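The structure appears right after this line, and notes come after that.
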Amino acid sequence: MDRLKAEILRKLTFSLGKNPSVAQPHDWLTAAILAVRDQIIDVWHRSTRESYATGRKRVYYLSLEFLIGRSLADALNNLGLTSAVSQAMSDLGVDLAAIEMIEPDAALGNGGLGRLAACYLEAMASTGVPALGYGIRYDHGLFKQRIDHGQQVEVPEDWLSFRNPWEFERRESAYQIGFGGAVSGTQKPGESVWTPEETVFAVAYDTPVIGWRGRDATTLRLWRARALHPLSLDAFNAGDLYGAVAERNRAEAISKVLYPNDSTPAGQELRLRQEFFFTSASLQDLVRRHDRQFGTLDNLADKVAIQLNDTHPALAVAELMRLLMDERGKSWEQAWSITNATISYTNHTLLPEALETWPVGLMERLLPRHMQIIFGINARFLDSVRRKAGGDSVDLASISLIDEHHGRRVRMAHLAFVGSHTVNGVSALHSNLMRQTVFAPLHQLFPERITNVTNGITPRRWLLNANPGLTRVLQDVCGKGISDDITQIESFAAHADDPALRERLIAVRHKNKLRLAEVVKRETGVIIDPRALFDVQIKRIHEYKRQLLNILETIALYDAIRSAPYRDWAPRVKIFAGKAASNYGTAKAIINLINDVATVVNNDITTRDRLKVVFLPNYNVSAAEIIIPAADLSEQISTAGMEASGTGNMKFALNGALTIGTLDGANIEIRDRVGDGNIVIFGMTASQVEAAKRDPRPTEDVIAHTPHLPDVLDAVAGGAYSPGERDRYRDLIDGLRANDWFMVLNDFDSYRRAQMRIDALWADQPHWWRMSVANTAHCGWFSADRAIRDYADRIWRAGPNFAPQG
1455 MDRLKAEILR KLTFSLGKNP SVAQPHDWLT AAILAVRDQI IDVWHRSTRE SYATGRKRVY
1515 YLSLEFLIGR SLADALNNLG LTSAVSQAMS DLGVDLAAIE MIEPDAALGN GGLGRLAACY
1575 LEAMASTGVP ALGYGIRYDH GLFKQRIDHG QQVEVPEDWL SFRNPWEFER RESAYQIGFG
1635 GAVSGTQKPG ESVWTPEETV FAVAYDTPVI GWRGRDATTL RLWRARALHP LSLDAFNAGD
1695 LYGAVAERNR AEAISKVLYP NDSTPAGQEL RLRQEFFFTS ASLQDLVRRH DRQFGTLDNL
1755 ADKVAIQLND THPALAVAEL MRLLMDERGK SWEQAWSITN ATISYTNHTL LPEALETWPV
1815 GLMERLLPRH MQIIFGINAR FLDSVRRKAG GDSVDLASIS LIDEHHGRRV RMAHLAFVGS
1875 HTVNGVSALH SNLMRQTVFA PLHQLFPERI TNVTNGITPR RWLLNANPGL TRVLQDVCGK
1935 GISDDITQIE SFAAHADDPA LRERLIAVRH KNKLRLAEVV KRETGVIIDP RALFDVQIKR
1995 IHEYKRQLLN ILETIALYDA IRSAPYRDWA PRVKIFAGKA ASNYGTAKAI INLINDVATV
2055 VNNDITTRDR LKVVFLPNYN VSAAEIIIPA ADLSEQISTA GMEASGTGNM KFALNGALTI
2115 GTLDGANIEI RDRVGDGNIV IFGMTASQVE AAKRDPRPTE DVIAHTPHLP DVLDAVAGGA
2175 YSPGERDRYR DLIDGLRAND WFMVLNDFDS YRRAQMRIDA LWADQPHWWR MSVANTAHCG
2235 WFSADRAIRD YADRIWRAGP NFAPQG
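If you read the sequence shown in my numbering, its first letter stands for residue 1455, the second for the next number, and so on.
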């Protein structure tokens, strides 16, 4: 204890130059982080040395997003230092919990994809898989969301305003990244030289990620873009102040903002520059590491596994080919064999609009050599298919890497599929649908290539750290071993009928709800009753996630309560949170509608004690850590067949919330684990959705035959919830009437009846808590540790179960 206290003071004095008497909260935070970071470095260095000494296969995880959140509490928990550091800070007159709250949320991701990457990096450290994560060190992550007059307003996110004390700048690990220019041949047949017109530097910043109990650590390496020539002195001296820094501004724009608006040609080009920038830097880095250790690239596939987290790094296929051929002298055949054996690809979506494609013209202008290589891959691939077909007709257009029907575009998912040895979906349903839909023609050619690895979450952050009250109950009932093996909570199910246990769980949930209620009051001014049912939908705002279905049913419930106020309604608080993409008008309209409905409902004396609606602004990882442990009901209501997996559904269920959801993504596997009687399923199945799209029922017929729906739609379209602007939601409702692509209208009645079932279950509290216990007990399987072991065993062939190869 004294040593920790002395170390924190030392950091405050000698690293920050501050006297304790004048130190501000962020100074104490930084001093604490630096002291904890020192505890991690020995483990980090040891893990790296062991990896190099044994020659074990290393995993390189490429992801455009890493939604890290706050790191101090997580690191302390994994090191077992929470109580010791808390006491040391207390002795120094500082509240650890208070300074933890001012640590910036590292919002380097948009949602589930980025949070999954963060969970997996921690799980690799916890399971002993040598790994390094690659991404971009955005100056500004996902925007901060402010709600003004019910509407989303985006403001810059400034997580680096007090610098990032977790990271180490690695100026020696800087690589040149080229764009544009020309490609020329050489005297050697088949050899090409790319001379870029523009070059930027990628500079590495390393952050150690500590695993459970501090046994191992992995590295998150993020790239920052820098100009080769930050200042043109000639332009500056000539008075051209803007021109003097034009090259610097253009280069640094690459790592300036997560997901720039790509609705314009300039935005699209910047997005492509981001994707190539971090992919090229990462591959140059891992090739250099490998060559330095082994002196040859012939064994790259034996020692390296490259995992593409969605299509954002799909250019790795072409870039690795370029590095092997143009810079290392490999033949096409040698380079292709190494590339295909090294790379694997995780698909995260079946939505056509979310499957990345890039205009061939843009690729030829920005990455001319890579476009040549992609054309070469495609020509050889199509020729091999044609030859294997033995002259039979083959629909080459469906498998081509180039889509010729929409202005010639490169299909990045096809490139990743053809260039990888294994392609995985992220839930059982999703992987099956990949075989049947978007990759059906490719699956026929490579029937063994697609596999499934259902997503997982790290229980350290999402249970042990986020919900300490429930964790103590689980440890008392199931044993301390659950901290090391979360699947041991299975034994919790045997105690579901214990009244004393039920009372303990109710007390834990109530305390969590009180904490959330304080946040809601502070952020929105709305006072909510912790005794009410907390009904929660927190996720990115998107039409397929169907926040619109939720708020339309909320309006129907509001009307029903007003019509029969004498009934014994279950008090309910509807909690929404999530961000809409800055250029996604429909999603922004849904946020506006939720807030407008909240204004009407929360000010109606008839429903004040029975129904409240809340939209919490600026949803992020830290908010989720408060909301999820307080939730009674988890809304997982995406259109069946459109959510690849989800991870929020797993977090809620592990923390004991009941799920109301469709048979979509991992909801199906949650149902299979917890049992049909412990989840509330509604709505169309994926096959029924597809059938309805092929032969749609007229929406007016659906509306006319759905109780309560006509009144709800008319009220919204007629301005009942926007009295100051009567037509505010007319386009939103007219769009629904014209094309119910996401089956909001079709599923409305089924959803409403499912919510009525929720009311009945809530009225029977002993039964509700039996269901809650079943959810917690049977969701340990959805651990990131299990998912990483699946990847390591079946895809990467790496980790503790695999001896180093010679």
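The beta-carbon is built from N, C-alpha and C at its ideal position, and this holds for glycine as well.
No experiment lies behind these values; they were computed from the predicted model shown.
| Query | Result |
| --- | --- |
| Residues bridged to ASP1660 (per DSSP) | PHE1622 and ARG1675 |
| Rounded straight-line distance, which links the Cα of ALA1870 to that of LEU2215 | 46 Å |
| Alpha-carbon to alpha-carbon, VAL1490 and PRO2083 | 27 Å |
| Given GLU2007 as reference, the closest of ASN2229, ASP2165 and ILE1664 once Cα atoms are compared | ASP2165 |
| C-alpha distance - GLY2095 paired with GLN2209, whole-angstrom precision | 22 Å |
| First through last residue of the alpha helix (DSSP H) which encompasses LEU2047 | 2039–2056 |
| Counterpart residues of PHE1893 in DSSP-defined beta bridges | Note: PHE1893 sits in no beta bridge, so no partner. |
| Supposed contact pair PRO2071 and GLU1977 - C-beta distance, whole angstroms, cut 8 Å | 6 Å |
| Whole-number beta carbon distance between LEU1987 and LEU2065, since they are thought to touch under 8 Å | That pair is no contact at about 10 Å. |
| Contact set for PRO1895: own chain, Cβ-Cβ below 6 Å, skip 5 residues either direction | SER1852 and ILE1853 |
| 8 Å contact criterion, which ARG1678 and TYR1696 should meet: CB distance rounded | At roughly 22 Å, the Cβ-Cβ gap does not stay under 8 Å, so ARG1678 and TYR1696 are not in contact. |
| Straight-line gap, GLN1738 to ARG1863 (C-alpha atoms, nearest Å) | 26 Å |
| Of the listed residues HIS1802, PHE1633 and GLN1788, nearest to THR1649 (C-alpha basis) | PHE1633 |
| Closest by C-alpha distance to LEU1899, when choosing among ALA1561, ASP1930 and VAL1872 | VAL1872 |
| Contiguous alpha helix (DSSP H) assignments of at least 4 residues, all confined to the stretch 1762–1812 | 1770–1776 and 1786–1796 |
| Option nearest SER1831 by Cα separation, candidates SER1847, GLU1787 and THR1796 | Here residue 1831 turns out to be Ile, not Ser, going by the sequence shown. When each option's Cα is compared against that of ILE1831, the closest is GLU1787. |
| LEU2163 versus ALA2010 - alpha carbon distance | 8 Å |
| Delimiting residues of the beta strand (DSSP E) encompassing ASN1878 | 1876–1879 |
| Reduced DSSP secondary structure (H/G/I, E/B, other) of ILE1760 | strand |
| Any beta strand (DSSP E) of 3 or more consecutive residues that is wholly inside the stretch 1884–1940 | 1904–1906 |
| Contacts around GLY2260, its chain only, beta-carbon distance under 7 Å, and the 5 residues preceding and following it disregarded | Confidence is the limiting factor: at GLY2260 the pLDDT is only 48, short of 50, which leaves the residue's position unreliable and the question unanswerable from this model. |
| Per DSSP, the bridge partner or partners of LYS2066 | VAL2027 |
| Top-ranked residue by Cα proximity to VAL1711, from ALA1705, VAL1771, GLU1652 and TYR1592 | TYR1592 |
| Nearest residue (CA-CA) to ALA1628, options ARG1914, LEU1682, SER1646 and ILE1827 | LEU1682 |
| Environment of GLU2179 [buried if 16+ CB atoms lie within 10 Å] | exposed |
| Where the alpha helix (DSSP H) through LEU1828 begins and ends | Reading off the sequence shown, one finds Ile at residue 1828, where the question assumed Leu. Here the alpha helix (DSSP H) through ILE1828 covers 1822–1842. |
| For GLY2260, the three-state DSSP class (helix, strand or coil) | Note that GLY2260 scores a pLDDT of 48, beneath 50, so its modelled location is shaky; the value from the coordinates is reported in the next line. GLY2260: coil per DSSP, three-state reduction. |
| Length of the line joining the Cα atoms of ALA1770 and LEU1955 | 52 Å |
| Under the three-state DSSP convention, the category GLU2089 falls into | strand |
| Residues that LYS1967 bridges to, as DSSP identifies them | Bridge partners of LYS1967: none, in fact. |
| Opposing strand residues paired with ALA1652 [DSSP bridges] | According to the sequence displayed, residue 1652 carries Glu and not Ala. DSSP output for GLU1652 lists PHE1633 as bridge partner(s). |
| The ligand MG heavy atom lying under 7 Å from the CB of ARG1841 | Here there are no bound small molecules, and the ligand MG is not part of this structure. |
| Burial state of LYS1967 (16 or more Cβ within 10 Å) | buried |
| Runs of beta strand (DSSP E) lying entirely within the stretch 1971–2031, each at least 3 residues, in chain order | 1987–1992 and 2026–2031 |
| Exposed unless 16 or more other CB atoms sit within 10 angstroms - verdict on LYS1642 | exposed |
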